[in-house]
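Residue numbers (the working numbering), protein chains in the order written: chain A, -14 to 97; chain B, 419 to 961.
Positions of the beta carbon are idealized from the N, C-alpha and C atoms, including for glycine.
Owing to the predicted nature of the structure, the values given are computational and were not obtained by experimental measurement.
Right, one structure below, let's go through it.
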Amino acid sequence: MEIILSIAIGVMTTCGVWLLLRPRTYQVIIGLSLLSYAVNLFIFGVGGVKTNVPPILDEVGSAAHLADPVPQALVLTAIVIGFATTALFLVVLLASRGLTGTDHVDGRSDRK
Amino acid sequence: MIDWTHHLIIAPILIPLVAAAVLLFIDERQRVAKAFVSLAAVLLLGAAALILFGIESGPNAFEGAYLLGNWASPFGIVLVVDGLSAMMVLLTAILALACLVYSLARWHAVGAHFHTMFQLLLMGANGAFLTGDLFNLFVFFEVMLAASYGLLLHGSGALRVKAGMHYIAINLAAALLFLIGVSLIYGTAGTLNMADLAARIPSLEPRRLMLMEAGAGVLGIAFLIKAGMWPLCFWLPTAYSAASAPVAGIFAILSKLGIYVILRLTMLLFGEGPASGFGSTVLLYGGIATLVFGTIGVLASQALGRLAGFSVLVSSGTLLMVLGVNDGAVSAGALLYLVSSTLTISAFFLLIELVERGQDAGANVLAVTMEAYGDGEDDEIEDGDGVAMPGTMAILGTCFAACGILLSGLPPLSGFIAKFAMLSAMLGTGSIGVPPTAAVWALSVLVIVSGVAALIAMTRVGIRTFWTSIEGTVPRVLVIEIVPVLFLLFITLGLTLQAGPAMQYMDTTIRTLSNPKAYIETVRGATIVPGPDHAQLGEGKGG
Chain A
-14 MEIILSIAIG VMTTCGVWLL LRPRTYQVII GLSLLSYAVN LFIFGVGGVK TNVPPILDEV
46 GSAAHLADPV PQALVLTAIV IGFATTALFL VVLLASRGLT GTDHVDGRSD RK
Chain B
419 MIDWTHHLII APILIPLVAA AVLLFIDERQ RVAKAFVSLA AVLLLGAAAL ILFGIESGPN
479 AFEGAYLLGN WASPFGIVLV VDGLSAMMVL LTAILALACL VYSLARWHAV GAHFHTMFQL
539 LLMGANGAFL TGDLFNLFVF FEVMLAASYG LLLHGSGALR VKAGMHYIAI NLAAALLFLI
599 GVSLIYGTAG TLNMADLAAR IPSLEPRRLM LMEAGAGVLG IAFLIKAGMW PLCFWLPTAY
659 SAASAPVAGI FAILSKLGIY VILRLTMLLF GEGPASGFGS TVLLYGGIAT LVFGTIGVLA
719 SQALGRLAGF SVLVSSGTLL MVLGVNDGAV SAGALLYLVS STLTISAFFL LIELVERGQD
779 AGANVLAVTM EAYGDGEDDE IEDGDGVAMP GTMAILGTCF AACGILLSGL PPLSGFIAKF
839 AMLSAMLGTG SIGVPPTAAV WALSVLVIVS GVAALIAMTR VGIRTFWTSI EGTVPRVLVI
899 EIVPVLFLLF ITLGLTLQAG PAMQYMDTTI RTLSNPKAYI ETVRGATIVP GPDHAQLGEG
959 KGG
């Protein structure tokens, strides 16, 4: 389970970084999205990978049978904020496309 | 200490938040009403910051912890005010007042929602200065960044959109690094409360400590991007010079926010104990590289905006380098330098727009810079209403000279005093008392050379702008545009005259910072307020 999770995080981070360094704005935003998925999974994994345990301690439960609720709360906040900033970035990207007529990150025209 | 001053701790966050919400309900066409609400909020914020600062600089200074939602300390989120955060909040309020008044002349009407974003930026910055919780720091930081994205794009135009896109992309990447760092710290130490974290570090086993340090390092990179440490700084001059004048003026505090967090975390987490001195080498060499890069940039800048942008880097580099030296007396001088340089750079950004107004956008700029600036850029804005300034060129020239003196650290203004305090502490009267080594000499020379470079660049630009101006047109400058610049410059003058008390305040602040136990005790010892529920329960039992 941990292996699969870490491979998934690694693959997404790799793809994300590569795309982030590409010259097209569309690639950059996909790269940023992939990176944020990887980071969200990473935060999730920090609490330990457990299945079928509640995040709330009841009267008979022990700490071993508890999924840490804090990373879940963190990941929720991170998702919301990441979503909002990605949406904002999309708007800027479209504005840039409209103003320069190209989707190059520096607004340069395409080499033909 | 449960009186109204205690609740004042949260005021710098609540006032801008409420103002931003109210501003959203006012129609965009009612500019006067919007401006009035915004100005009132900033004045109120200034008053709150002034009272907090007054308490902190008074004889019975305290480190106040404010429990949000009345949750007990390591579980809930705390706000903490101490000398450093009170000072930064006051500095933010001063810059906000100047930039807001300046923007009322014309800039606030150029695009939608300027005042709302401005207030949210203030809320995020104040929250980041006051919070005592790492994840909360992330949230406030994001609030501030989201507002800054909007503000950078304020006024639109191809150049701003391009610079804004780079700025947003790099800050989104930095936010992801921030998250990785925070979650690594949580995974190893099991807490995000800064005081609790500092208390737990000594008892961490070495294996976990290593991971914790890795997390702190990743977290630090996110803030070094904000502070503009070389090689993470190439976005900064472009973004700052592309922003409209009042926005660039308030952005001067954002790079200092990065410095603030680094200072706070290194002093709190890595001041003593097993992890002491972590990262100071990186700060030292990174600071040196930034200072060198900034100095070269200042000398190479053709346009005033870029010159100011590189001055931000020089200021950041000096501060990071001094934080890397990590000596109490030197750091106290650095704090004074931080305040002085923030005020100067903000005033300079405001002034640049006024000086350049009379000129053709690229008349005396080389073709190379023209390319970097993008062609076809025209932000023709209608002349604002109001009284035009008499004797414009004389006053602009005087302000420009004052900025030059402050940036290069010449006597008699506060730039000199701050640099003198740092250098004299470095060169012998430092706490160690050993004669300065070659490395210390090298650092001092670097600081002085950066000042000389600023002087050369400012003189060159000044001569070109004020003495050999070909067109000879006098820009039309309104009184409410020049008053904020004068206001900021007069504060640096005040800092010069009150240098003794100011230095004493910085000294006390650094001494409190280097004793994290007091901070930890304050946060851990904060007790929840017994609410009406408790009282009723008690009564119920009694009856």
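Straight-line Cα distance separating residue j from residue i
i, j, result
"B:V757", "B:S475", "15 Å"
"B:T549", "B:L497", "4 Å"
"A:T70", "B:A860", "43 Å"
"A:V2", "B:A617", "36 Å"
"A:V24", "B:V436", "32 Å"
"B:M506", "B:V460", "15 Å"
"B:I900", "B:F493", "48 Å"
"A:L4", "A:G16", "5 Å"
"B:M535", "B:A591", "22 Å"
"B:L736", "A:A52", "In the sequence as presented, Leu is not what sits at residue 736 of chain B; that position holds Thr. Going from the Cα of B:T736 to the Cα of A:A52 covers about 45 Å."
"B:I469", "B:H425", "12 Å"
"B:F688", "B:A490", "25 Å"
"B:A721", "B:L552", "39 Å"
"B:T510", "B:S749", "20 Å"
"A:L79", "A:V38", "44 Å"
"B:P434", "B:V455", "10 Å"
"B:S966", "B:L824", "Outside the modelled stretch of chain B, which goes from 419 to 961, sits residue 966 of chain B, for which no answer is possible."
"B:L555", "B:R882", "44 Å"
"B:A839", "B:T816", "26 Å"
"B:N782", "B:R524", "Caution is warranted here: a pLDDT of 43 is assigned to B:N782, below 50, making its placement in the model unreliable, and the coordinate value is therefore given only provisionally. Going from the Cα of B:N782 to the Cα of B:R524 covers about 25 Å."
"A:V90", "B:P649", "20 Å"
"B:T762", "A:S21", "37 Å"
"B:A936", "A:L75", "46 Å"
"A:C0", "B:A917", "54 Å"
"B:T945", "A:S18", "42 Å"
Outcome for residue i when other beta-carbon atoms lying within 10 angstroms are tallied against a minimum of 16
i, result
"A:I(-12)", "exposed"
"B:I677", "buried"
"A:V(-4)", "exposed"
"B:A593", "buried"
"A:L42", "exposed"
"B:G568", "buried"
"A:S47", "exposed"
"A:R7", "exposed"
"B:W422", "exposed"
"A:I(-8)", "exposed"
"B:Q537", "buried"
"B:E623", "exposed"
"B:Y585", "buried"
"A:Y11", "exposed"
"A:M(-14)", "exposed"
"B:R625", "exposed"
"B:P902", "buried"
"B:D793", "Residue placement at B:D793 cannot be trusted, given a pLDDT of 43 that sits under 50; what the coordinates show is reported in the next sentence. Exposed, because fewer than 16 other Cβ atoms sit within 10 Å of the Cβ of B:D793."
"B:N589", "buried"
"B:L502", "buried"
Cβ-Cβ separation, residue j to residue i (assumed contact under 8 Å), whole Å
i, j, result
"B:L738", "B:L701", "5 Å"
"B:A663", "B:L595", "Not really, about 31 Å apart at Cβ, beyond 8 Å."
"B:A836", "B:Y755", "4 Å"
"B:A483", "B:T926", "Between B:T926 and B:A483 the Cβ distance is about 19 Å, and since that is not below 8 Å, they are no contact."
"A:G92", "B:A576", "7 Å"
"B:L563", "B:S764", "The Cβ separation is near 19 Å, so there is no contact."
"B:S729", "B:V716", "6 Å"
"B:M685", "B:L931", "4 Å"
"B:G742", "B:S698", "5 Å"
"B:N544", "B:P430", "4 Å"
"B:V732", "B:A872", "7 Å"
"B:V867", "B:T713", "7 Å"
"B:L675", "B:A546", "6 Å"
Residue i - partner residues in DSSP beta bridges
i, result
"B:H584", "In DSSP, B:H584 forms no bridge with anything."
"A:Y11", "Paired residues: none, contrary to the question."
"A:H89", "A:R9"
"B:A483", "B:V498"
"B:T549", "B:L497"
"B:N611", "B:D551"
- Task: Indicate whether the contact test is met: 3 or more Cβ pairs, each with one atom in the region 463 to 473 of chain B and one in the region 441 to 455 of chain B, closer than 8 Å.
- Result: no
**Request:** Tell me, please, whether the region 619 to 633 of chain B touches the region 52 to 71 of chain A by the rule of three or more beta-carbon pairs shorter than 8 Å.
**Result:** no
Check your understanding: Is there contact between the region 460 to 469 of chain B and the region 76 to 92 of chain A, where contact requires at least three CB pairs shorter than 8 Å?
Key -> no
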